[in-house]
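Residue numbers (this note's numbering): 14 to 167.
Built from N, CA and C at the ideal position, the CB exists for glycine as well.
For reference, the structure is listed below as structure tokens.
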Amino acid sequence: MEFLMTYGWAIIVVLAAIAALAYFGVLSPGSLLPERTTFGAPIQSLDNAVIRASDNTVTLALTNNLGSRLSVDAVATDGDCTGSTTEIDHNLDGTFVAVAGQDIPNGANFQLEITCSENLQSGDRFSSDITITYTNQASGLARPHQGSVQGRVI
């Protein structure tokens with residue numbers, strides 16, 4: 014009985030330590046997950062997205078690797094950012110304009126700014142799947158392109 018009691022107390026101490034670590038957020042998976050912006054070819058991500066609580070926006074830095082000019086027709090989001098409006102800066106000069114009809118040369122970098130309808134809270138984790146619908150200017154065909162954004166709201 015004494016042998017079992019010793020192991021019992023040791024197990025209680027270990028459980029109490031784990032509970033304390035969980036309470037103070039050390040074991041929180043949200044703090045351990047990396048920031049990630051994933052868009053494959055032909056529209057690839059250049060950097061992790063910037064997610065701002067001050068104006069409820071997500072800014073993506075992308076590049077056109079299609080092999081020809083493309084125009085971004087629409088951007089749809091889900092997850093933590095729905096009901097969004099989107100603007101594009103294809104000259105990287107800080108001038109964001111409506112998405113539809115923006116012609117982007119092959120190899121050019123551009124930014125998409127997505128305004129979320131929800132209020133983003135600073136310090137929270139953010140996750141959203143994003144679908145960019147673009148038209149290949151060489152063929153005239155419209156195609157969807159999917160990616161995802163995960164990160165911390167600043």
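(message) With a threshold of 6 Å on Cβ separation, who are the neighbours of LEU73 within its own chain once the five nearest residues in sequence on each side are excluded?
(response) For LEU73, same chain residues with a beta-carbon under 6 Å away, outside a window of 5 residues either side, are ALA62, LEU125 in chain order.
(message) Quick check on the DSSP output: what are the complete beta strand (DSSP E) runs of length 3 or more inside the stretch 119 to 165, in order along the chain?
(response) 122 to 128, 138 to 149, 155 to 165
(message) Report the CB separation of VAL162 from VAL85 in whole angstroms; it is logged as a contact under 8 Å.
(response) VAL162 to VAL85, Cβ: 16 Å. No contact.
(request) Taking all protein chains shown into account, decide if VAL88 is buried (16 or more other Cβ within 10 angstroms of its Cβ) or exposed. (result) In this structure VAL88 is buried. Its beta-carbon is surrounded by 16 or more other beta-carbon atoms within 10 angstroms.
(request) Identify every residue that forms a DSSP beta bridge with SER84. (result) ASP116, THR148
(request) Can you give me the start and stop residues for the beta strand (DSSP E) that VAL63 sits inside? (result) 63 to 65
(request) Reducing DSSP to helix, strand and coil, say where ILE56 ends up. (result) strand
(request) Mark ASP93 as exposed unless 16 or more other C-beta atoms lie within 10 angstroms of its C-beta, in which case mark it buried. (result) buried
(request) Give me whichever residues DSSP pairs with LEU75 in a beta bridge. (result) SER58, PHE123
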